Structure formats: C-alpha cells, structure tokens
Amino acid sequence: MKPAKFTYHTPDSLEAAFQLLGEYGDEAKIIAGGQSLIPVMNLRLAQPEHLIDINAINGLSQIREEGDIITIGALSRHREIETSALLKERLPLLPEAAMRIGHLAIRNRGTIGGSLSNADPAAEWSLMAFLMDADIEITSARGTRMADITDFIQSVYTSDLSADEILTAVKFPPIAPGEGWAVCRISRRAGDFAIVSVATTICLDTSGAIENLRLCIGGMDVTPVRISHVEHAAVGQMPNEAWIKSAAEVASGIGSPESDMHASAEYRREMAAHLTAEALREALKRCGGGA
Amino acid sequence: MKKVAITLNINNRDVDMLVEPRKLLSDAIREDARLTGTHVGCEHGVCGACTVLVDGKPQRSCLTFAVQTQGKAITTIEAVKGNNDGYSALQQALHEEHGLQCGFCTPGIIVTFEAYLKENTNPTEDEIRDVLSGNLCRCTGYQNIIRAIQKAAAVMRGETPGAAK
Ligand SMILES: Cc1cc2nc3c(=O)[nH]c(=O)nc-3n(C[C@H](O)[C@H](O)[C@H](O)COP(=O)(O)OP(=O)(O)OC[C@H]3O[C@@H](n4cnc5c(N)ncnc54)[C@H](O)[C@@H]3O)c2cc1C
Ligand code: FES
Ligand code: FES
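Heads up: the sequence lines are chains F and V, in that order. Numbering-wise (our numbering), the first sequence opens with residue 24 and increments by one. Numbering-wise (our numbering), the second sequence opens with residue 14 and increments by one.
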C-alpha cells in the first residue's frame with residue numbers, strides 16, 4: 024500500500040522545528056530514519072497530515088565522551104553506533120547490540136532517537152538504555168529536560184514525549200575497565216525483532232567475587248526489566264555455575280510474558296533462563312579484559 | 014496535495030520530476046525515472062528487493078520518500094557494470110554460479126553487495142549470510158548466491174576465481 028497524503032517540512036534548526044510542532048501539534052509527526060514510521064504509513068496505520076523531517080538539523084548526530092558520560096545524538100544511525108571506534112572501546116555492548124538490529128540497509132538509516140521514541144519493547148536500544156540507566160535529553164521551545172529511561176519508556180509504544188518535544192540525545196555511562204558484558208537474543212530469523220533478549224555487565228573484585236552486576240531482560244514485559252533482586256543479591260557472591268543457574272531461574276519467572284504469533288509465554292520463559300545463563304557465562308569470560 | 018518539483022541524482026544523471034511528498038523513492042525511481050530494475054516486494058523494509066545505494070550506502074527505497082533524497086547520489090542496479098560495459102565481478106559470478114532463477118531479488122542483492130564488498134573485501138561465510146539476511150529470495154535457497162558472492166570477492170581481490178569454495 025501507499026502512504027496517505029501529507030505536507031512535508033524540512034526545518035534546518037531545532038527552533039524552526041519547534042515552531043512547526045507548535046503550529047501543527049498532534050497533526051504533525053517527526054520523521055528521523057523513517058524505518059518504523061514509513062512502514063506504518065505505507066500500511067496506513069499512521070496518517071500524519073504534516074511530516075517534519077529532522078534530518079537537516081545539524082548537531083544531532085555526534086557520538087562523544089565528556090567527563091565519563093557518553094552522549095549519543097538522536098540522529099546517530101544504528102550503523103554509526105555499530106562502527107564507532109569510541110563506543111567499541113568504552114561501551115562495546117552498544118556496537119554489539121546495533122549489529123543485531125534489522126538488516127544493513129535498515130541500520131544505515133534508522134536512528135537511536137527514533138527507536139527510543141518509538142518505545143518498542145523488543146528494540147535493542149530500549150534494552151541497552153534500561154541496562155545502563157541511560158538518561159534521555161528532551162528539548163522543546165520550553166527548554167531542555169532530562170528523563171530517566173524508566174520514566175521515559177512507559178509501556179508498549181508509549182514514551183514520555185509531548186507533541187512539542189524532540190528527543191535530542193541519549194546519555195550513557197561507559198563501562199569500567201575489566202568489566203565483563205554480554206548481549207544475547209533469540210529471534211526466528213536474523214533481522215527479526217528479538218523474541219527474548221538479555222544484556223548484562225559484571226564487575227569482579229580482586230578475589231573473584233561479584234562487585235557489581237547489571238542484568239536486564241527484554242520480551243518478558245511491556246518494557247525491558249532490570250532484575251534488581253538478582254543484581255543486589257549478587258554482590259559478594261562467587262559467580263559459579265550454581266549462581267548462574269539460580270539467576271537464570273529467577274529470570275524465567277520475570278514479568279508477565281504473553282503468547283503471541285512469535286512465541287508462547289512458556290517458550291519465552293524457557294528462553295529467558297537459557298539466554299540469561301548464556302549472557303552471564305559470556306560476560307564472565309570477558310571480565311578482567313578477556314575477549 | 015500539491016506536487017513538488019524535485020531533482021534526483023540517479024546514476025550520475027539529474028532527473029527532474031514533479032511528485033507528491035508521499036511518493037516513495039522506490040516508486041519515483043520506477044515511475045518517474047523509468048528505471049524498473051529496482052523491484053518492489055513488501056513495502057515495509059523486510060524483503061530487500063527495493064534496495065538502492067544512497068551516497069554509496071544500501072538503503073530501502075520503499076522506506077524513504079523521494080523528496081528526502083534531493084542532493085544525494087542514488088545508485089540503482091542499472092548503473093552496476095564491469096569493464097567495457099560488461100558484467101561486474103559479482104554479476105558474472107552470480108551468472109556462473111547459478112545465483113538467480115526468477116531474478117526478482119537479484120537487483121537488491123547486487124547493489125547491497127557491490128557496496129558491502131568494497132567495505133569488507135574478504136568476508137566470512139557468516140558475515141555474508143548476515144548481510145544477505147536482508148534480502149529474501151524465494152527461488153534459490155541462497156547457497157548459490159553465497160558461493161557467487163565468495164567468488165566475486167575473490168575476483169575483486171585479484172585472486173584466481175574457483176579458489177573460493
Ligand atoms: C525490517 C525491519 C527490521 C527491524 N528490526 C529491528 C530489530 O531487530 N531491532 C530493533 O530495535 N529495531 C528494528 N527495526 C526498527 C528500526 O530500528 C528503526 O530504525 C527504529 O525503530 C526507528 O528509528 P527511526 O529513526 O527509523 O525512526 P522513525 O521511523 O523516523 O520514527 C519512529 C517514531 O519516533 C518518532 N521520532 C523519531 N525521532 C524522534 C525524535 N528525535 N524525537 C521525537 N520523536 C521522534 C517519530 O515521530 C515516529 O513516531 C526494524 C525495522 C525494519 C523495517
Ligand atoms: S519493497 Fe522495500 S524492502 Fe521490500
Ligand atoms: S531468484 Fe527468484 S526470488 Fe531470488
């Protein structure tokens with residue numbers, strides 16, 4: 024099918040974009056990479072009267088580190104994140120997660136800001152943002168505000184953005200030297216959205232006990248979920264197989280997964296346990312700077 | 014809705030057209046520029062038949078509006094060729110390895126890998142499979158396409174064809 028009619032705008036500054044958003048309100052939609060919006064426009068599930076293309080606005084696509092905060096501009100393409108030398112060194116989970124998004128041609132166009140605004144619970148950037156407690160920078164004619172990811176992504180396809188606001192950047196902490204990490208997912212075919220995905224970071228102390236653990240799972244609830252009781256209880260534990268098995272067991276009980284055309288709830292629970300164990304083992308191998 | 018006059022640079026040629034903003038790049042290429050080598054399968058980004066290069070990078074022409082690509086260099090299958098206007102190494106290898114049957118998926122696969130093999134001159138089979146996952150083929154079962162891509166990569170590296178298997 025073909026999209027319904029719309030008027031096309033290409034503001035070249037944030038100010039010009041705010042003016043258009045103010046003028047057209049709910050009748051307008053922002054377009055970034057278009058890789059989620061155009062499919063739904065082609066299916067006429069979305070029929071915005073005005074399309075505000077933010078691609079001509081400068082300064083929204085840098086990836087930079089300042090004082091232990093990595094800022095990724097909203098217009099950074101998935102492929103730019105996948106190939107960023109800075110991220111490969113300081114936050115290698117992001118390039119690894121980016122690789123799994125759709126296909127090369129989708130990654131060349133789709134943006135991190137578009138993905139987070141879209142709030143798909145199975146999206147890689149939602150998982151990464153929940154795992155790392157990312158902060159979302161939102162700008163409007165009223166000024167700039169920061170939102171915690173858990174406040175920003177509220178439910179399936181529901182993010183905390185008013186009609187006059189633009190997501191301008193995402194802020195991540197880098198991982199510590201020697202911190203292990205892993206991103207694991209399962210999908211029917213390469214390039215499909217994940218059915219279940221798990222991401223983790225692990226820091227060990229000099230005795231080999233766990234000093235700090237992040238563990239996040241997607242596909243089990245309306246947003247990705249941090250498994251905080253496993254994270255807290257892990258501190259001081261030795262990361263042996265028994266511990267991995269118990270963490271995997273908790274993961275399989277998380278959330279309230281639904282049965283849909285992609286997988287049954289039971290299958291999701293089984294995959295949650297399996298992927299959690301796999302992610303923890305993989306992250307432990309990387310602890311202390313291992314490959 | 015009002016049509017707008019735009020100029021697209023397709024295969025190093027400026028093409029003037031009068032289109033509605035809602036016109037997809039895929040349709041502008043096929044209907045306005047009259048280049049029908051770019052195919053349209055699903056119109057939601059899944060099949061890869063509509064893939065073209067925008068500033069040298071593979072993109073879905075069904076997930077871009079024509080008005081968005083003014084000032085960019087668009088490359089379609091019609092511009093892919095080898096020396097003396099013959100086949101490119103990849104086209105030749107697809108021919109030799111029986112890498113196509115109906116040919117519907119082929120333009121998308123060729124433009125994707127013409128770009129990818131420049132970036133990665135010696136891809137592993139896994140890497141090829143990963144990139145190829147973005148192009149659905151209902152005929153071949155992919156084996157011969159993969160073999161052809163490996164062969165083309167070898168030829169492009171200056172190695173003797175046939176060494177890849
Ligand atoms: C075949 C296919 C497979 C895919 N597979 C995956 C996958 O495996 N994993 C995955 O995570 N994603 C996948 N995607 C989705 C892809 O990652 C999209 O690129 C992404 O979800 C949306 O980003 P975009 O820049 O294209 O946003 P757009 O499509 O331009 O916009 C999406 C929504 O966000 C709004 N928006 C965009 N940018 C902003 C902003 N800066 N501020 C405020 N609102 C904004 C738009 O108004 C729109 O409502 C896939 C897509 C396709 C077509
Ligand atoms: S027609 Fe564009 S991806 Fe299928
Ligand atoms: S050759 Fe027929 S779809 Fe690929």
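All C-beta atoms in this analysis are idealised placements derived from N, C-alpha and C, irrespective of residue type, glycine included. Note that the structure is predicted; figures quoted are calculated from it, not measured.
Query	Result
Three CB pairs or more closer than 8 angstroms across the segment 218-230 of chain F and the segment 162-180 of chain F	no
DSSP-derived helix/strand/coil call for V/I123	helix
V/L113 beta carbon near ligand 3 (any heavy atom closer than 7 angstroms)	yes
Closer than 5 angstroms to ligand 1: residues, by C-beta to nearest heavy atom, in chain order	F/K52, F/I53, F/I54, F/A55, F/G56, F/G57, F/Q58, F/S59, F/L60, F/A97, F/I124, F/G125, F/I129, F/G133, F/T134, F/G136, F/G137, F/S138, F/S140, F/N141, F/A146, F/E147, F/I189, F/L190, F/F216, V/G58 and V/V59
Test: V/G58 CB closer than 8 angstroms to a CB of chain F	yes
Spatial distance of V/V67 from V/M30 (CA atoms)	18 angstroms
Distance between V/V65 and F/A108 (C-alpha atoms, nearest Å)	27 angstroms
Closer than 8 angstroms to chain V by CB, F/G276	no
Cβ of V/R73 within 8 angstroms of any chain F Cβ	yes
Contacts of F/A40 in chain V (Cβ-Cβ under 9 angstroms)	Under the 9 angstroms cutoff, chain V gives no residues; its nearest Cβ is about 15 angstroms from F/A40.
Beta carbon proximity, V/Q81 to chain F, threshold 8 angstroms	yes
Proximity of F/I54 and F/A97 at Cβ, strictly below 8 angstroms	no
Which listed residue (F/E301, F/A152 and F/E88) has its alpha carbon closest to that of F/W266	F/E301
Beta bridge counterpart(s) of V/L66 as assigned by DSSP	V/P71 and V/T88
Alpha carbon of F/P118 to alpha carbon of F/T106, nearest angstrom	7 angstroms
For V/A176, three-class secondary structure by DSSP	Per-residue confidence for V/A176 stands at a pLDDT of 49, beneath the threshold of 50, marking its modelled position as unreliable; the derived number appears in the next sentence. V/A176 falls in the coil class under three-state DSSP.
F/E264 in three-state terms, based on DSSP	helix
At least 3 beta-carbon pairs within less than 8 angstroms: the segment 41-59 of chain F vs the segment 33-48 of chain V	no
Anticipated Cβ contact below 8 angstroms, F/F195 with F/A157, distance rounded	5 angstroms
Ligand 2 heavy atom lying under 7 angstroms from the CB of V/S146	no
Three-state class that DSSP yields for F/F195 in the structure shown	strand
Every unbroken alpha helix (DSSP H) within the segment 167-233 of chain F, with a cutoff of 4 residues, ordered by chain	172-175
Span of the beta strand (DSSP E), counted from its first residue to its last, around F/S163	D158 to S163
Cβ neighbour criterion (16 or more within 10 Å) applied to F/M169	exposed
Sufficient close CB pairs (3 or more, under 8 angstroms) joining the segment 138-154 of chain F to the segment 24-42 of chain F	no
Residues near V/N157 by beta carbon distance below 6 angstroms, same chain, minus five either side	E110, H111 and G112
Heavy atom of ligand 2 within 7 angstroms of F/R212 beta-carbon	no
Beta-carbon proximity check, F/I172 vs F/A152, cutoff 8 angstroms	yes
Chain F within 8 angstroms of V/K131, Cβ atoms only	no
Chain V contacts made by the segment 228-254 of chain F, where a contact means CB separation under 9 angstroms	none
Contacts around F/M122, its chain only, beta-carbon distance under 6 angstroms, and the 5 residues preceding and following it disregarded	E105
Beta-carbon proximity of V/G84 to V/A128, cut-off 8 angstroms	no
Between the CA atoms of V/I159 and V/E33 - distance to the nearest angstrom	39 angstroms
Secondary structure of F/I323, DSSP reduced to three states	What the structure shows of chain F is the stretch from 24 to 314, and residue 323 of chain F is not part of that stretch, so it cannot be assessed.
Alpha-carbon to alpha-carbon, V/C150 and F/L307	39 angstroms
Residue-level contact to chain V via CB, F/Q85, 8 angstroms cutoff	no
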